[in-house]
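Step one of this worksheet: look at the structure below.
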Amino acid sequence: MSSFIIRRSRGKSLLLWKTHGFKITSSFSPSSDSVSASGFSSFLTRSFKTTSSGNISQKFGDFGYPENGFVSMTRRLFSSDAVAVPATCDGLTVERIIASQWPILDENESDWKSHAAAIAQSIQVIKRRLQWKKLLVRLKVLSAELNKNDLWDDPLHADKISREHGSLMGKMKGVVTFERELLEHIDMLKLTKEENDSELESETLMALMDMRRVSKEKELAALLSAENDQCSCFIEVQAGVGGTESNDWAAMVMEMYKSWAQRHNYSVTVVDEMPGEMAGIKRATIKVNGEYAYGYAKAEVGTHRLVRISPFDSGKRRHTSFAAVAVTPILGDGSTRVQINESDLRIERFRSGGAGGQHANTTDSAVRITHIPTNITATCQNERSQHMNKASAMAVLQSRLDQLEMARQTAMNAQHTQSLTENSWGNQIRSYVLQPYRLVKDLRTNYEVSDPDSVLEGDLDGFILSFLSYSLDKGDTEH
Amino acid sequence: MIRIFPSFRFTSLLSAAKPFCSVACSSSPAREPPPNLPYPEVKSITVSKTPKTPLFLRTPSHVTPLSEVWKWHDWAKDLASSVESSSTKSNDSLESVTLLRELKWLIEDTIVDDPLSILHKKEIEDDDKKKSVKLRASLEELYDLWKQRIENRRPFQYVVGCEHWRDLVLCVEEGVLIPRPETELIVDMVEELVSRDDWFKKGIWADLGTGSGAIAIGVAKVLGSRGKVVATDLSPVAIVVASHNVQRYSLEGMIEVREGSWFEPLKGLEGKLVGIVSNPPYIPSDDIPGLQAEVGRHEPKLALDGGIDGTDSLIHLCHGASRMLKRGGFFIFETNGEKQSKMIVDYMTNDLKHCFSDLKIVSDFAGIDRFVTGFRR
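Written out as structure tokens, the structure reads:
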């Protein structure tokens, strides 16, 4: 209870600073630099148990911080019980904010709860990405190591341990700081309400809004931080069995991705397209060019199922069709790419018999390249010269071989085997029902949308982001 | 040996003189040769012709309402889609898939703004309908061009005035053979050779019967700055078009375009060439009437007809190669296929004994034995 009073008074002192001309953001900085080592609730141990305690007391001195007197010497630099959970005066934590399920409104709505909920959500995603629980356990282990008296008997080992500790500590601090900033804003808002300081209230609200934007960026960065996420990619759609109806479905899926890519301002080029006999496509490959195209699109790998009354069925019966989606990254020149031997390739051109050469004038210069050792093929017919079709098909082939190699390496790395097999081509990931009811549901995340049209028009980000954060979840709970 | 068919040449020039379209020549008025005048002899033709400007290089001066463009696009699409059902399934029929792709390219070449805006119609709002786009040809002409493509079977490359070949965009027009995808491989083979042996980069190459200049330009680009290519052609139209293409790629310093039959313009270079490349006419005369409509009705016979068995020009080239190539010099000739390739190799080994080594037959991507290559002993 005593800590509550102290913090209340600290809040007031912040308010006091404000009225004395301190910028509100700078008044937060001393506390945000400090990471509680053995519990936020106790101010006695709060700031100085971190490595930057000297710096902090310096700052506190500058500000004439009233708690300056509490800062004292400590011998233990590395605490074993790591972080306590940051909370507001009345005990609100990030977890509780999430549990309260405050509705998240548009950014422009000046509702602090909505902002807080959005930020809390982002923080949660970032924590998952860091495998938070695992990170804390590891920190504990490392701290214990560092506190051993004989640590420096093996300088190499000590160096390694302290490096890792430093790096993890940095990551942890970053998040905790962010968390604390959020909660302090909330504290401040309550206080301004009590004090009827509308100017400061709106200023804090603005700060919260800024924070929301920053946290969204951090969240995205956390979601898309896998090795090749920033790459461009190829998206390939293949119609399932079932003729015209499923060819039409494959074309719809391809259109969905084209529109999605346009929404993201990615450039789209059709590399390969094999039309169906009556309608739609048997298969098609598009190249999606732009930052993080692969990071997002990889969430779409798998089989997509459609249920509807087929417009191609005169009997107006309900049909179920499938389309398989594959996504491969286009690795940059810097990454290690699979070396392709020219002698391993078989390059073929399709023509309907005939003598070719001068006998034939056609703008169709489709090329199929087969990588003989793996039997992987790539086709391109949408370029205007055979040379370019070949180059384009080579790029697809390279991308597929790169991915095969990545999959092979990941398989060796047992950690990821699970998620890999689950994401592979052939698993049904989403179902689109147009009749008798209307629903699009992701079978992995249970994320659903009751407006299939919007999804088919490319509004896929909800599905993609929920899958990406679900993947993080799995990563966190698995350990 | 008869290499020149005056009547064919005459018709090919005639078709070349047919105005491409009214707008095409407006920026660069062409002085066409009077069509009724017979040409007694090649040398006497003095053509002061300017090449036709391909669609994609024209000034986008035709401001057209988007809605009108859509209307044209719908019409063109319908026309393209209807061909397969109407024509009997034979070897010489148009395919909707190909036509629709060509339509996309026609739009790419015609519309200055993002062509996607036209193809993704459903996303365009109502107020967009009032918008206008800048076209490089009038709608009237576009209707006409697409009709020519489908009803007259005019080759797409003549319709847009260009052919994408390797990484090049070459201007083409009636009177000049449209370079074929197979022929790209000639440049690939030269590239492979010169990357292995620098000697070939420094010497003089010849492209005989250059047409649009495709092979000469392709080869010059793989030779690098020290290379030199002499490109010859009998057809004055080809000379104009090839020179224009050479200019477009700023290769005047490396490629010299000379008018005349095969080796005639190369006097003084006997035994001095390091390489000879050629895609000569090789279709047997009897096959000419049965050619695909785009080829038979529109492309110059001069560039197609290879005599009774199609090897007239090829045999001539074999002799020329033995005379003109340096020791160690390289040649590639494109042929009609397996039979001709074998004939040429046999001819070179038996009738031109000890002249050539390493004779090889190389197939194209369709698996047809398309090229004969070898070295001068």
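Chains A and B, in that order, are what the protein sequence lines are. FYI, the working numbering numbers position 260 of the first sequence as 260, with every residue one higher than the one before it. FYI, the working numbering numbers position 7 of the second sequence as 1007, with every residue one higher than the one before it. From the three backbone atoms N, C-alpha and C, an ideal C-beta is built for every residue, glycine too.
How is the beta strand (DSSP E) around residue i delimited, first residue to last?
i: His-1319 of chain B; result: Per DSSP, His-1319 of chain B belongs to no beta strand (DSSP E); it is in the alpha helix (DSSP H), 1312–1324.
i: Glu-1163 of chain B; result: 1162–1165
i: Leu-345 of chain A; result: 345–349
i: Lys-1134 of chain B; result: 1132–1135
i: Asp-442 of chain A; result: 439–442
i: Thr-374 of chain A; result: It is not in any beta strand (DSSP E) - Thr-374 of chain A carries neither H nor E in the DSSP assignment.
i: Gln-428 of chain A; result: 428–433
i: Trp-1205 of chain B; result: 1204–1208
i: Thr-1064 of chain B; result: 1062–1065
i: Val-1230 of chain B; result: 1228–1233
Which residues in the same chain as residue i place their Cβ atom closer than 6 Å to its Cβ, once the five residues preceding and following it in sequence are excluded?
i: Gly-462 of chain A; result: none
i: Leu-306 of chain A; result: Trp-249, Ser-321 and Tyr-432
i: Met-188 of chain A; result: Thr-204
i: Ile-464 of chain A; result: Tyr-296 and Ala-299
i: Pro-1281 of chain B; result: Ala-1303, Leu-1304, Asp-1305, Gly-1306 and Ser-1313
i: Phe-1296 of chain B; result: Correcting the residue type first, residue 1296 of chain B is Gly in the shown sequence and not Phe. If we look at Gly-1296 of chain B and ignore the five residues flanking it on each side, it has no Cβ neighbours.
Count the other CB atoms within 10 Å of the CB of residue i; is the residue buried (16 or more) or exposed (fewer)?
i: Tyr-266 of chain A; result: buried
i: Asp-1358 of chain B; result: exposed
i: Ser-100 of chain A; result: exposed
i: His-157 of chain A; result: exposed
i: Asn-382 of chain A; result: buried
i: Gln-339 of chain A; result: exposed
i: Lys-1360 of chain B; result: exposed
i: Asn-1279 of chain B; result: buried
i: Ser-365 of chain A; result: buried
i: Phe-350 of chain A; result: exposed
i: Pro-103 of chain A; result: exposed
Strictly by DSSP, which residues pair up with residue i?
i: Asp-1369 of chain B; result: B:Ser-1363
i: Asn-289 of chain A; result: A:Ser-267
i: Val-327 of chain A; result: A:Ile-235
i: Met-274 of chain A; result: A:Arg-283
i: Lys-1049 of chain B; result: None; Lys-1049 of chain B has no bridge partner.
i: Leu-1170 of chain B; result: B:Glu-1163
i: Gly-302 of chain A; result: A:Val-325
i: Leu-1273 of chain B; result: B:Ile-1204 and B:Leu-1325
i: Gly-1374 of chain B; result: B:Phe-1331
i: Ile-309 of chain A; result: A:Arg-318
Between the C-alpha atoms of residue i and residue j, what's the straight-line distance to the nearest angstrom?
i: Ser-310 of chain A; j: Lys-1104 of chain B; result: 29 Å
i: Val-288 of chain A; j: Ala-299 of chain A; result: 14 Å
i: Gly-242 of chain A; j: Ala-250 of chain A; result: 11 Å
i: Ser-1369 of chain B; j: Asp-451 of chain A; result: It should be pointed out that residue 1369 of chain B corresponds to Asp in this sequence rather than to Ser. Approximately 57 Å, taken between the alpha carbons.
i: Arg-1218 of chain B; j: Thr-1373 of chain B; result: Inspection of the sequence shows that residue 1218 of chain B is occupied by Gly rather than by Arg. Taking the straight line from one Cα to the other gives about 17 Å.
i: Gln-1247 of chain B; j: Cys-1171 of chain B; result: 11 Å
i: Arg-1153 of chain B; j: Glu-1173 of chain B; result: 15 Å
i: Leu-1304 of chain B; j: Ile-1288 of chain B; result: 8 Å
i: Ile-126 of chain A; j: Glu-181 of chain A; result: 15 Å
i: Phe-312 of chain A; j: Arg-318 of chain A; result: 11 Å
i: Ser-1096 of chain B; j: Trp-1070 of chain B; result: 19 Å
i: Val-270 of chain A; j: Ile-281 of chain A; result: 12 Å
i: Trp-1165 of chain B; j: Lys-218 of chain A; result: 47 Å
i: Leu-151 of chain A; j: Gly-170 of chain A; result: 21 Å
i: Gly-290 of chain A; j: Gly-240 of chain A; result: 29 Å
i: Arg-346 of chain A; j: Met-388 of chain A; result: 17 Å
i: Ala-293 of chain A; j: Thr-303 of chain A; result: 19 Å
i: Asn-247 of chain A; j: Thr-177 of chain A; result: 52 Å
Grab me the residues of residue i's own chain with a C-beta within less than 8 Å of its C-beta, minus the 5 sequence neighbours each way, in chain order.
i: Ala-1366 of chain B; result: Glu-1182
i: His-1354 of chain B; result: Arg-1377
i: Glu-245 of chain A; result: Ser-310, Phe-312, Asp-313, His-319 and Ser-321
For residue i, collect the residues of the same chain with a Cβ closer than 7 Å to its Cβ; drop the 5 residues on either side in sequence, then sort them by chain order.
i: Glu-1252 of chain B; result: Val-1246
i: Arg-212 of chain A; result: Glu-107, His-115, Ala-118 and Ile-119
Less than 7 Å separating the Cβ of residue i from some heavy atom of the ligand ATP?
i: Val-1241 of chain B; result: The ligand ATP is absent from the structure shown, which contains no ligand whatsoever.
How would you write the range of the alpha helix (DSSP H) that residue i sits in, first residue to last?
i: Gln-1292 of chain B; result: Element bounds for Gln-1292 of chain B: n/a, residue is neither H nor E.
i: Glu-219 of chain A; result: 198–223
i: Glu-1264 of chain B; result: From DSSP, Glu-1264 of chain B is part of no alpha helix (DSSP H); its letter is neither H nor E.
i: Thr-192 of chain A; result: 155–195
i: Ala-84 of chain A; result: No alpha helix (DSSP H) holds Ala-84 of chain A; DSSP gives it neither H nor E.
i: Ser-454 of chain A; result: 452–456
i: Asn-382 of chain A; result: Note, Asn-382 of chain A: premise wrong, no alpha helix (DSSP H); not H, not E.
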